[in-house]
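The structure appears right after this line, and notes come after that.
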Amino acid sequence: MTILLAVAGLCAAAWAFRFAGQKLTNNRPFFRDMPFGVAFGYVFAAVALAGIIYIYVLARTLPPAEANKYFFFRLAVEGFIGFSIAAWLFREAGRRIGTRASRKLFRQMPLTAAFGIMIILAYAFVAIFAGWLAPHG
């Protein structure tokens with residue numbers, strides 16, 4: 064029952080979002096041509112983002128005994144942000160270092176591709192130097 068009420072609330076908010084957008088922008092094409100599913104997606108994404116922010120703030124502000132419930136969620140959010148920054152820095156380095164063709168490749172690639180190449184290079188580095196990196200050979 065709670066899920067049905069939540070979906071009904073999201074549907075009402077999506078309809079209100081599209082209706083308000085049409086009225087406030089004098090029926091501009093972005094809102095005039097927006098299907099209900101797109102409006103629902105925007106509202107759902109906003110609610111999900113608000114929930115993520117709320118849980119993350121709880122994980123950072125609650126006393127340690129209570130914050131343990133959200134420990135892995137906090138690590139996931141911080142890891143996602145950290146790896147996104149690392150991928151962006153790797154792509155920026157690739158745009159400035161290398162041959163003309165490789166710089167062009169890095170200028171055109173999305174962050175997900177830069178992240179994938181960075182992970183492959185990290186695996187290769189660890190595999191090549193595993194004997195030296197391992198504490199007991």
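With the working numbering, the residue at position 76 of the sequence shown is 139, and numbering never jumps. In this text, a Cβ means the ideal position worked out from N, Cα and C, and glycines have one as well.
- The region 120-135 and the region 88-95 do not touch, with fewer than 3 CB-CB distances between them shorter than 8 Å.
- In the three-state reduction of the DSSP assignment, ALA197 falls in the coil class, being assigned neither a helical nor a strand state.
- In this structure the region 148-160 does not touch the region 102-118; the number of beta carbon pairs closer than 8 Å is below three.
- As the crow flies, the alpha-carbon of VAL140 is around 26 Å from that of VAL101.
- By the Cβ-count criterion, PHE169 is buried, with 16 or more other Cβ atoms from all chains shown falling within 10 Å of its own Cβ.
- Scanning its chain for C-beta atoms nearer than 6 Å, with the 5 sequence neighbours on each side dropped, one finds no residue around THR175.
- Residue PHE99 holds the alpha-carbon nearest to the alpha-carbon of ALA75 among PHE99, ASN131, PHE192.
- Your pair ARG159 and MET172 does not check out as a contact, with CB atoms roughly 14 Å apart and the cut at 8 Å.
- Each residue's CA atom was taken as its position, placing ALA193 and ALA77 some 54 Å apart.
- Cα atoms of ALA69 and ALA187: separation of roughly 47 Å, rounded to the nearest angstrom.
- In this structure, the beta-carbon distance from ALA177 to GLY157 falls below 8 Å.
- At the C-beta level, ILE118 and PHE136 come within 8 Å of one another.
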